[in-house]
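Below is one structure, written out as structure tokens; comments come after it.
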Amino acid sequence: ILTKEDDSNELEIGRYVGSTWEGVNDPPDAEGIYRYASQQIQYVKTFVENSEGLVLQHTGKPLKEADTPALANDSAPSAELDETNGLFAGDAASIVCALLYVARLSRVDTLFAVCRMTRYLTKWMRRQDQWLVRCLGYLKKTMMMKLNFQIYPPDFEKGGDGEFENWADADL
Numbered sequence: 009i010l011t012k013e014d015d016s017n018e019l020e021i022g023r024y025v026g027s028t029w030e031g032v033n034d035p036p037d038a039e040g041i042y043r044y045a046s047q048q049i050q051y052v053k054t055f056v057e058n059s060e061g062l063v064l065q066h067t068g069k070p071l072k073e074a075d076t077p078a079l080a081n082d083s084a085p086s087a088e089l090d091e092t093n094g095l096f097a098g099d100a101a102s103i104v105c106a107l108l109y110v111a112r113l114s115r116v117d118t119l120f121a122v123c124r125m126t127r128y129l130t131k132w133m134r135r136q137d138q139w140l141v142r143c144l145g146y147l148k149k150t151m152m153m154k155l156n157f158q159i160y161p162p163d164f165e166k167g168g169d170g171e172f173e174n175w176a177d178a179d180l
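Each residue of the sequence shown is one higher than the one before, starting from 9 at the first, in my numbering.
Written out as structure tokens, the structure is:
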């Protein structure tokens, strides 16, 4: 979020998702490794806590935990869901774009559901409210999970040259 210009005509950057987490914008260390991944749980926790307040404000109900980031079988046409403006219509762009940031940095498992929501930012309806609350509920339930990266196949770890010539189609 760009907030204002000061006397030097440089933009002052306001608080945004992740701006205050220690090391999030640090360059790689001497080994070339970025250490921001150690803060993944904190990214999600901060986002969910902030979003939970908005859900309570708009719906009057606390955020319920969910097992999956997206609703199953929700494509049946419904006038109530598809033609009524959503409760989050005014805040949808801000919430979904912040959610996209969190999904891309640390929660790739939610990326499909989040990208689906981004297609409706200009015409946000009750159905999209349901999608958003479901995705937030999933993040609430899985808040303490984070991505772990592992190099595969083990050839790379054993000093292999990283060439693909010995890989079978099933390995890709």
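C-beta atoms are modelled at their ideal positions from N, C-alpha and C, and glycine is treated no differently.
No experiment lies behind these values; they were computed from the predicted model shown.
- Going by CA-CA distance only, name the one from Ser59, Ala84, Lys131 and Ala97 that's closest to cysteine 143. Ser59
- Query: On the three-pair Cβ rule with 8 angstroms, is the region 93–107 touching the region 58–72?
  - Reply: yes
- Item | Pairwise C-alpha distance: leucine 62 and threonine 130 | 19 angstroms
- Message: One question on the structure: do alanine 121 and tryptophan 139 come within less than 8 angstroms of each other, judged by their Cβ atoms?
- Response: yes
- What span of residues does the alpha helix (DSSP H) with glycine 61 cover, start to end? 48–67
- Could you check which residue in Glu91, Met152, Gly98 and Met133 has the C-alpha nearest to that of glutamine 65? Gly98
- Message: If I measure Cβ to Cβ from glutamate 73 and keep anything under 7 angstroms in the same chain, skipping five residues before and after, which residues do I get?
- Response: Gly145, Lys148 and Lys149
- Query: Can you tell which of Pro35, Arg134, Thr67 and Met125 has the C-alpha that lies nearest to the C-alpha of serine 102?
  - Reply: Met125
- Task: Classify methionine 151 as helix, strand or coil using the three-state DSSP reduction.
- Result: Three-state DSSP puts methionine 151 in coil, outside helix and strand.
- Query: Can you tell me whether arginine 127 is buried or exposed, with buried defined as 16 or more other CB within 10 angstroms of its CB?
  - Reply: exposed
- Option in Met133, Glu39, Asp90 and Val141 with minimal Cα separation from leucine 71: Val141
- Message: Would threonine 92 and methionine 133 qualify as a contact pair, given that the criterion is a beta-carbon distance under 8 angstroms?
- Response: The answer is yes: Cβ separation under 8 angstroms.
- Below 8 angstroms on the Cβ atoms is my guess for proline 77 versus aspartate 137; work out the distance and round it to an integer in Å. Proline 77 to aspartate 137, Cβ: 15 angstroms. No contact.
- Sub-8 angstroms separation of arginine 135 and aspartate 90 beta-carbons: yes
- Query: Are glycine 94 and alanine 100 touching if we call contact CB-CB under 8 angstroms?
  - Reply: yes
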